[in-house]
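Going left to right, the sequence shown walks through residues 5 to 425 as my numbering numbers them.
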Amino acid sequence: MNSQELFEESKKIIPGGVSSPVRAFKPYPFFVAKGEGSHIYDVDGNSYVDHCLAYGPLILGHADKTVVSDLTNQLTMGTAYGAPTENEIKLSREVINRIPSAEMVRFTNSGTEATMSAIRIARGFTKRDKIVKFEGAYHGAHDYCLVKGGSGAACLPDSLGIPLDTTKNTLTVPFNDEEALTELIEKEGENIACIIMEVVMGNIGCVEPKDGYLEFLRKITEENGIVLIFDEVITGFRLATGGAQEYYGVTPDMTTLGKIVGGGLPMGAFCGKKEIMELVAPNGPVYQAGTFSGNPISVQAGLSTLKQLNNDFYTSLNKKGEFLRSNICDIVDELSLDISPVGLGSMFQIYFNPNEVTNYAEAQESDSERFLVYFRQLLKEGVFIPPSQFECNFISSAHKMEDLEKTVNAIRKSLKVAFEL
Ligand SMILES: *Cc1c(COP(=O)(O)O)cnc(C)c1O
5 MNSQELFEES KKIIPGGVSS PVRAFKPYPF FVAKGEGSHI YDVDGNSYVD
55 HCLAYGPLIL GHADKTVVSD LTNQLTMGTA YGAPTENEIK LSREVINRIP
105 SAEMVRFTNS GTEATMSAIR IARGFTKRDK IVKFEGAYHG AHDYCLVKGG
155 SGAACLPDSL GIPLDTTKNT LTVPFNDEEA LTELIEKEGE NIACIIMEVV
205 MGNIGCVEPK DGYLEFLRKI TEENGIVLIF DEVITGFRLA TGGAQEYYGV
255 TPDMTTLGKI VGGGLPMGAF CGKKEIMELV APNGPVYQAG TFSGNPISVQ
305 AGLSTLKQLN NDFYTSLNKK GEFLRSNICD IVDELSLDIS PVGLGSMFQI
355 YFNPNEVTNY AEAQESDSER FLVYFRQLLK EGVFIPPSQF ECNFISSAHK
405 MEDLEKTVNA IRKSLKVAFE L
């Protein structure tokens with residue numbers, strides 16, 4: 005069967021034909037045959053330079069040789085034990101040695117579980133109920149965080165099936181707005197357990213914190229006894245060995261990880277100061293658990309991946325990012341387009357928006373219809389990015405210069421088509 009036929013079949017028995025909503029796009033998503041290095045192959049015989057990279061985890065590209073061989077070895081020794089292993093200690097050490105805020109680590113099965121647990125622990129630690137998140141930030145699909153916010157919608161759940169009672173303690177403010185947060189904290193400060201944030205907002209595209217904003221957040225949370233949680237599920241091990249907190253030089257109290265930490269397998273983690281992490285069961289009174297947490301397969305993939313991520317690795321990876329971004333800027337100039345390329349490190353995106361995007365409301369003003377024309381043309385040119393400008397595009401170490409040159413040419417062609425030039 006080809007992708008179109010598979011999608012028809014899939015839709016009958018899987019809601020929307022996909023296992024996670026973002027994967028569905030019109031007229032139908034391609035179905036994958038395999039991934040290899042910088043490329044993903046569909047069942048219709050097409051290959052694409054992959055800049056979606058499973059939405060972030062695949063920093064080494066698909067099926068990295070070392071990871072595959074270590075995993076193959078581990079598979080023969082079992083896939084789940086319900087008992088601890090030495091590799092969990094090794095991986096925890098790798099995390100603690102890299103992430104500045106990490107003194108202790110607990111592994112989970114996804115980023116969603118990591119943020120859900122970190123929030124519970126922050127609440128247990130402070131004995132406060134309210135949490136603050138930023139408008140448009142994504143912290144996984146659990147009830148407390150499915151609140152997008154936006155004008156007048158603060159605290160309203162972003163999905164049916166979430167009781168108002170669950171989200172009434174979730175407060176939202178615009179990102180990069182010191183005044184809005186200062187006001188909120190003046191009013192609610194002593195009830196706020198934590199501020200959870202994406203340091204770089206990767207789920208509305210790619211929005212960086214303004215100069216001084218992270219320092220402001222660090223100071224105001226410290227002054228008010230609020231736990232600062234950096235959700236580094238995307239940026240952890242993506243922007244630098246120590247993630248965004250190393251990149252920007254601001255250390256939170258807790259950090260949530262996912263995506264890259266599992267080396268391409270399902271895994272998340274939360275980590276932080278010892279005095280906070282000691283509260284987690286069975287040490288302390290905050291319950292957190294998982295049958296597959298710390299399973300030997302994900303842990304092995306994480307270990308085999310993190311070992312490859314040293315400073316030289318990031319220097320070389322980020323150079324590829326600079327190459328791509330500077331070429332995109334040149335194309336935008338050359339075609340005299342009024343759109344906004346963004347990105348840093350190995351992350352990039354283009355907002356179809358004439359103005360700089362610094363928060364969710366501004367991102368929302370971008371031209372989504374035209375972006376989809378661009379997306380579809382990129383597919384035709386053999387380049388795969390997420391089907392939305394409210395996602396981030398990535399580069400892996402498996403991307404070679406010839407891949408990136410192909411991407412640059414595809415972007416030029418696709419922008420011309422999208423803007424009818
Ligand atoms: C992807 C993501 C999550 C959720 O992780 P899952 O593994 O999909 O549950 C949480 N936070 C951020 C910032 C993410 O990008």
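For glycine and all other residues, C-beta sits at the position ideal for the given N, C-alpha and C.
- For Asp74, same chain residues with a beta-carbon under 7 angstroms away, outside a window of 5 residues either side, are Gln304, Ser308 in chain order.
- About 6 angstroms separates the Cβ atoms of Ile224 and Ile189, confirming a contact at the 8 angstroms cut-off.
- Scanning its chain for C-beta atoms nearer than 6 angstroms, with the 5 sequence neighbours on each side dropped, one finds around Pro391 the residues Phe29, Phe379, in chain order.
- Residue state for Asp334 is assigned as helix, using DSSP reduced to three classes.
- For Gln249, the uninterrupted alpha helix (DSSP H) segment begins and ends at 247-252.
- The three-state secondary structure of Pro390, taken from DSSP, is coil.
- The beta carbons of Arg127 and Ala197 sit about 4 angstroms from each other, so the pair counts as a contact at 8 angstroms.
- By DSSP's assignment, Ile233 forms a beta bridge with Ile200, Met258.
- Not a single heavy atom of ligand 1 lies less than 6 angstroms from the C-beta of Gly267.
- Rounded to whole angstroms, the Cβ separation of Glu139 and Asn363 is 7 angstroms, and the two are in contact under 8 angstroms.
- Only exposed fits Gly82, as fewer than 16 other CB atoms lie within 10 angstroms of its CB.
- Residue list for ligand 1: Ser114, Gly115, Thr116, His143, Gly144, Glu202, Asp235, Val237, Ile238, Gly262 (CB closer than 5 angstroms to any heavy atom, chain order).
- Within 10 angstroms of the beta-carbon of Pro289 lie fewer than 16 other beta-carbons, which makes it exposed.
- Thr89 sits in coil when the DSSP states are folded into three classes, being neither helix nor strand.
- When the five nearest sequence neighbours on each side are left out, the beta carbons in the same chain lying within less than 7 angstroms of the beta carbon of Glu40 are those of His66, Ala67, in order along the chain.
- Contact between Ile280 and Phe129 holds, since their C-beta atoms are separated by about 5 angstroms, short of 8 angstroms.
- Between Asp371 and Phe352, the CB-CB gap reaches or exceeds 7 angstroms.
- Scanning its chain for C-beta atoms nearer than 6 angstroms, with the 5 sequence neighbours on each side dropped, one finds around Ser401 the residues Leu64, Leu321, in chain order.
- Residue pairing for Glu40: DSSP places it in a beta bridge opposite His43.
- Secondary structure at Cys56: coil, using DSSP grouped into helix, strand and coil.
- DSSP links Pro345 through a beta bridge to Ile354.
- The beta carbon of Leu175 lies closer than 8 angstroms to those of Lys134, Ile135, Val136, Lys137, Ala158, Cys159, Leu188, Glu192, Ile196 in the same chain, with the five residues before and after it left out.
- The residue from Leu95, Arg27, Lys323 with its alpha-carbon nearest to that of Ala106 is Leu95.
- Pairing Leu408 with Leu328 gives a Cβ-Cβ distance under 7 angstroms.
- Annotation: the continuous alpha helix (DSSP H) that includes Gly306 extends over 300-310.
- Approximately 17 angstroms separates the beta-carbon atoms of Pro270 and Thr89; this is outside 8 angstroms, ruling out the contact.
- For Cys275, the three-state secondary structure derived from DSSP is strand.
- When C-alpha distances from Asp257 are compared across Asp181, Gly165, Lys278, the shortest belongs to Lys278.
- Per DSSP, Arg110 is one residue of the beta strand (DSSP E) stretching across 108-112.
- With 16 or more neighbouring CB atoms inside 10 Å of its own CB, Cys210 falls in the buried class.
- Ser51 has Tyr45 as its beta-bridge partners, per DSSP.
- The beta-carbon distance between Ile199 and Leu221, rounded to whole angstroms, is 7 angstroms. This is short enough to meet the 8 angstroms contact definition.
- Annotation: the continuous alpha helix (DSSP H) that includes Val377 extends over 372-384.
- Leu341 has its alpha-carbon roughly 43 angstroms from the corresponding atom of Cys275.
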